[in-house]
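Student:
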Amino acid sequence: MPTPATEFGYVPDAWTERHLLDLERLSAEQLRLILDTAVRFKAATDGCRTKLPLLAGRTLANLFFENSTRTRNSFSLAARRLGADTVEFTASGSSVSKGESLIDTAKTIEAMNVDVAVVRHHTPGVPHLLGQALRCSVVNAGDGPHEHPTQGLLDIMTIREHRGEISGKTVALVGDIAHSRTARSNIWGLKKLGAHVIVCGPATLVSRRWEELGVEVAYHLDEILPRCDVLNLLRIQFERQYTRPFPSVREYALLYAMNGKRMARAKENILIMAPGPINRGVEITPDVADGPHSVILNQVTNGLAVRMAVVWLLCGPRQLQTTGQF
Amino acid sequence: MPTPATEFGYVPDAWTERHLLDLERLSAEQLRLILDTAVRFKAATDGCRTKLPLLAGRTLANLFFENSTRTRNSFSLAARRLGADTVEFTASGSSVSKGESLIDTAKTIEAMNVDVAVVRHHTPGVPHLLGQALRCSVVNAGDGPHEHPTQGLLDIMTIREHRGEISGKTVALVGDIAHSRTARSNIWGLKKLGAHVIVCGPATLVSRRWEELGVEVAYHLDEILPRCDVLNLLRIQFERQYTRPFPSVREYALLYAMNGKRMARAKENILIMAPGPINRGVEITPDVADGPHSVILNQVTNGLAVRMAVVWLLCGPRQLQTTGQF
Amino acid sequence: MPTPATEFGYVPDAWTERHLLDLERLSAEQLRLILDTAVRFKAATDGCRTKLPLLAGRTLANLFFENSTRTRNSFSLAARRLGADTVEFTASGSSVSKGESLIDTAKTIEAMNVDVAVVRHHTPGVPHLLGQALRCSVVNAGDGPHEHPTQGLLDIMTIREHRGEISGKTVALVGDIAHSRTARSNIWGLKKLGAHVIVCGPATLVSRRWEELGVEVAYHLDEILPRCDVLNLLRIQFERQYTRPFPSVREYALLYAMNGKRMARAKENILIMAPGPINRGVEITPDVADGPHSVILNQVTNGLAVRMAVVWLLCGPRQLQTTGQF
């Protein structure tokens, strides 16, 4: 039986990227490589429970200029499952408040010999900017409403895990599409892998122009529901909205909440997903969230697997090529 | 000489609990098992200085919905002394502020494959609620004024360490009994192990109804002092009080502060304890806090030992039964 | 080839200090010992990239009563490169806000078996006070405007690395001397190693009385510039000033900013340093900060090396003498 280090000590030729900035620029082959690697990591670590110290001595830095609990901890745990060290930077209490430029802050952190910088910022494009300025790898952990690639990957991994190949599946993203980086990353990833994607929500949150990305636009959940293999219920991000996009939460729930009544009219094996944190009673009712079709907590676990795969692909194999050892 | 892993690689039959939620429900036998394990861990690690990596690959999560420095760090260090990883969650900056329910937050953290969740919350019963909702182990690190079981255990361990068996000892808890989870955990633990417990403080902070728990209620420290083997001086928790329970700090100190004058009238080998942080000049004067009878800092070190024992009992031996290896 | 543990398993006789509180009290020999050890650590760890687990089982605690990102993370990473554990204490959310005395807070942390306490506080002398009260080692990570010894050491290490011996070099510290602990630590360290030190800035920030420390005082950068081997450009610390020390940032930059025009009149191999975070356009222009003479990011990396050396000297060799093993 091969040791884990041997098992993973290969160099995937398909992976040549230094950063993971978005899913828009990745090929289907690259997406599959990350997903396959995540599946292998999950299997090799008893479901991301045990350690696989392939990256001992490496350092991952979390640079979160926006609050986050789950994503930050997920990256941190993924890194430590691989034996890497982690450092945490937060905007408050950092030198940003002393007038330092964003790039200088990042370069200073890099100069502490960080291998992977995980960046979250409310301004779209910040991870891309840092990717140009830094020599280390950059992972976008959410840049405003633009992309959140590891969230898209973990959603897709969860669909594959429960329903097999993505190609031909109909996946609806329901809710606050306008402010959702999760929606964008899902759309790019799912489309490249051959899914039919529907974005569905109130007209104030779902523009017709989404059709330009090759997705179907719908305004009535009940109309599209019977066709859907997967529903991904996006949280209404009240904190990103300047105006109220619908008259009341009650009205939103009436039209778009996934509840037991709607479940009865859905496909028998419909998969219910949500990136979380969920607002119970808004986009999803408790019976559905806790029901047999829900894979919301599986998504969280798969987040570890996807992040282990991403961090390893970004800093593992390339280094292996350089040093010839593992 | 046995390796530590061998030395601790036994399955204590007496321990079948999945959680440590309070001392009220533990038997004397279970209390002694934790205390004995803590003593063995302390001895095996040069007083909790060296590592004993029995729990490599396990993860402890600190879920503190109330501020804490010492307890959080004590659990974190205890886990790392055992080779486990730790993740930190704080209420501020977490998804709680995005409208997520407490149980969903906890389940999400659990889905990152956390083995032990250490919970502090200002509402009594929250750890118990999470213990029902989660499959991982839950340790109560303080739930409002209810219980703080590891504090009770470390206090009792410190008494045993310095004065031998608990049975027959007279232990007085002095001060802010009404708001003190430390008092409740001490009372349950000490009573089960055969101590005589006195609660002593101003009538506004010490109700006659404490007698229902089988403890003696006293309002004058000077009257009970000559009988006490141990004084545990509880901090006046100004931050938990809505009204002022006594006219002035000076009056409180006059009646209840342990000072040199009172030490002269106490038993020759009286043990002075305080859960800390201490308010010098309020419940204790500096000469007593820093004097030869004070074991306040020993309590802190024993906190590591007790938490190592608890974390290991909760996730170590049971896992050992499952996997058959260590 | 010797293993790292063997290579570093010697006892430097010159090092007998328990704390690193300031550079004022260190001898030239002690300074060189730290610097030489830092150079060896940097070489042995591929530029502070790989681990050298000489201090496995030891614990470093960061006690920061002032905000800090880079210094705190630098100490934390240095400790983990050496295999030590780290714990983080911050003033907010700690028991300091419950009325605990500073020394009691520190003693409580020490009682968790911390080996090295790294202390930052806005009051000068706090690390010295704690050094007297604690049995563990204390490192001053900045005490108000007094000293910041590891910053001085990393600056000096960077000069040595790029320009050889310190003796005979002319080093100018430019800017906000009055509020700068970096200036004080640089002055003590550089003078002991034989450099000529100039402090230069507006008269409101540079007193004539600095001459008492044996340094040259200058008020016009352009006058001293041709003589300087090294410029260390100190940040204007707006957050430490109660009054405005100069009419405008623009006027300050006009007189003291290092820019391309001034570079043309400087020595050909002048070294440009800044402790960071830098204010681009204030004390330094972007072309100089990012130019070939700038070693600002090298300083950050050398910070890891110096802190590894300091932490190891404080707790490594002495322990080795006690236990006779490594």
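Chains as they are written, first to last, in my numbering: chain H, -12 to 313; chain B, -12 to 313; chain W, -12 to 313. Note that beta-carbon positions come from the ideal geometry of N, C-alpha and C, so glycine has one too. Keep in mind that this is a model prediction, so the values were computed, not measured.
(1) Grouping DSSP H, G and I as helix and E and B as strand, with all else coil, what is B/Gly80?
(2) Among the residues of its own chain, which have a CB less than 7 Å from the CB of B/Leu212, if the five just before and after it don't count?
(3) Measuring CA to CA, which of H/Ser55, H/Thr37, H/Asp91 is closest to B/Asn100?
(4) Helix, strand or coil, according to DSSP, for B/Asn54 in the structure here?
(5) Counting only C-beta atoms, is W/Lys94 closer than 8 Å to chain B at any point?
(6) What in chain W is Cβ-close to H/Glu87, meaning under 8 Å?
(7) Would you say H/Lys38 faces chain B, with C-beta separation under 8 Å as the test?
(8) From the beta carbon of W/Ser61, is the nearest beta carbon of chain H less than 8 Å away?
(9) Sorted by chain position, which residues of the same chain lie with C-beta nearer than 6 Å to B/Arg5's C-beta, five sequence neighbours on each side aside?
(10) Does any residue of chain H have a CB that is nearer than 8 Å to the CB of B/Leu301?
(11) If you draw a straight line from the alpha carbon of B/Arg107 to that of B/Phe52, how long is it in whole angstroms?
(12) For W/Met250, list the residues DSSP reports as bridge partners.
(13) Would you check if the distance between the CB atom of H/Ile223 and the CB atom of H/Asn173 is smaller than 8 Å?
(14) Can you give me the C-alpha to C-alpha distance between B/Ile146 and W/Asp102, rounded to a whole angstrom?
(15) Can you tell me whether DSSP reads W/Leu7 as helix, strand or coil?
(16) For a contact meaning CB atoms closer than 8 Å, what does W/Gly34 contact in chain H?
(17) Using a cut-off of 7 Å between C-beta atoms, extract the partners of H/Phe52 located in chain W.
(18) Under a CB-based cut-off of 8 Å, is B/Val56 close to chain H?
(19) Tell me whether H/Leu258 sits in a helix, a strand or coil according to DSSP, three-state version.
(20) Looking at chain D, is there any beta carbon in it that lies within less than 8 Å of the beta carbon of B/Val74?
(21) Excluding sequence positions up to five away, which residues of its chain have a Cβ less than 6 Å from the Cβ of W/Glu203?
(22) Can you tell me which of B/Tyr243, B/Leu291, B/His280 puts its alpha carbon nearest to the alpha carbon of B/Met260?
(23) Could you name the residues of the same chain whose beta carbon sits closer than 7 Å to that of B/Thr288, not counting the 5 residues immediately before and after it, in chain order?
(24) With 16 other CB atoms within 10 Å as the buried threshold, where does W/Ala30 fall?
(25) Excluding the five sequence neighbours on either side, which residues of its own chain have a C-beta within less than 6 Å of the C-beta of B/Ala25, listed in chain order?
(26) By Cβ distance, which residues of its chain are closer than 7 Å to B/Thr191, with the 5 residues on each side in sequence left out?
(27) Say whether chain B places a C-beta atom closer than 8 Å to the C-beta of W/Gly44.
(28) How long is the line joining the alpha carbons of H/Gln286 and B/Leu220, rounded to whole angstroms?
(29) Quick one: using the 10 Å Cβ neighbour count with 16 as the cut-off for buried, is W/Glu16 buried or exposed?
(30) Taking the DSSP output, what are the residues bridged to W/Asp277?
(31) Given this structure, state the Cα-to-Cα distance separating W/Arg59 from W/Asn49, to the nearest angstrom.
(32) Drop a sphere of 10 angstroms on the beta-carbon of W/Leu41, count the other beta-carbons inside from all chains shown, and report buried for 16 or more, exposed for fewer.
(33) Which residues of chain W have a Cβ atom closer than 7 Å to the Cβ of B/Arg67, listed in chain order?
(34) Determine the direct distance from the alpha carbon of H/Leu13 to that of H/Leu300, and round the result to whole angstroms.
(35) Which bits of chain B does H/Val287 rub up against, with CB to CB less than 8 Å?
(36) With 8 Å set as the bound, which would you pick, yes or no: does the beta-carbon of H/Asp91 sit closer than that to a beta-carbon of chain W?
Tutor: Short version:
(1) The pLDDT assigned to B/Gly80 is 49, lower than 50, so where the model puts this residue is not dependable; a value taken from the coordinates is nonetheless given after this. Correct three-state label for B/Gly80: coil.
(2) Within the same chain, B/Leu212 has close Cβ partners Arg249, Arg252, Ala253.
(3) Checking every option, the nearest Cα to that of B/Asn100 belongs to H/Thr37.
(4) Taken through DSSP and simplified to helix, strand or coil, B/Asn54 comes out as coil.
(5) True, the Cβ-Cβ gap to chain B drops below 8 Å.
(6) Per Cβ cutoff of 8 Å: Gly263, Pro264, Ile265, Asn266.
(7) Interface annotation, H/Lys38: in contact with chain B, CB-CB separation under 8 Å.
(8) Output row for W/Ser61: interface = yes.
(9) Closer than 6 Å at Cβ, skipping near neighbours: Ser124.
(10) Against chain H, the CB of B/Leu301 has no partner CB under 8 Å away; the residue lies outside that interface.
(11) Roughly 6 Å separates the two Cα atoms.
(12) In the DSSP assignment, W/Met250 forms no beta bridge with any residue.
(13) No.
(14) The alpha-carbon atoms of B/Ile146 and W/Asp102 are separated by roughly 26 Å.
(15) DSSP places W/Leu7 in strand when its eight states are reduced to three.
(16) Listed by position along chain H, the residues whose Cβ is nearer than 8 Å to that of W/Gly34 are Asn100.
(17) Result: empty, since nearest Cβ-Cβ is about 12 Å, beyond 7 Å.
(18) It should be pointed out that residue 56 of chain B corresponds to Thr in this sequence rather than to Val. Chain H places no beta carbon closer than 8 Å to that of B/Thr56, leaving this residue out of the contacts.
(19) Of the three classes helix, strand and coil, the one that applies to H/Leu258 here is strand, per DSSP.
(20) Of the chains in the structure shown, none is chain D; the protein chains are H, B and W.
(21) The answer, listed in chain order, is Ile185.
(22) Checked all of B/Tyr243, B/Leu291, B/His280; the closest Cα to B/Met260 is B/His280.
(23) These residues qualify, in order along the chain: Gly34, Cys35.
(24) Burial state of W/Ala30 is exposed, judged by a 10 Å Cβ sphere holding fewer than 16 other Cβ atoms.
(25) Cβ neighbours of B/Ala25 beyond the five flanking positions: Met144, Ala292, Val293, Ala296.
(26) In chain order, Pro232, Phe233 place their CB closer than 7 Å to the CB of B/Thr191, counting only its own chain and leaving out the 5 sequence neighbours on each side.
(27) Chain B has a Cβ within less than 8 Å of the Cβ of W/Gly44.
(28) Annotation: H/Gln286 to B/Leu220 spans about 48 Å, alpha carbon to alpha carbon.
(29) By the Cβ neighbour-count rule, W/Glu16 is exposed, with fewer than 16 other Cβ atoms within 10 Å of its own.
(30) Its beta-bridge partners do not exist; DSSP assigns none.
(31) Each residue's alpha carbon lies about 7 Å from the other.
(32) Burial call: buried.
(33) Within chain W, the residues whose beta carbon sits less than 7 Å from that of B/Arg67 are Asp72, listed in sequence order.
(34) Straight-line spacing of the CA atoms in H/Leu300 and H/Leu13 works out to 14 Å.
(35) Proximity of chain B to H/Val287 at the Cβ level (cut-off 8 Å) is accounted for by Thr95, Ala98, Met99, in chain order.
(36) Taking Cβ atoms only, chain W reaches closer than 8 Å to H/Asp91, which makes this a yes.
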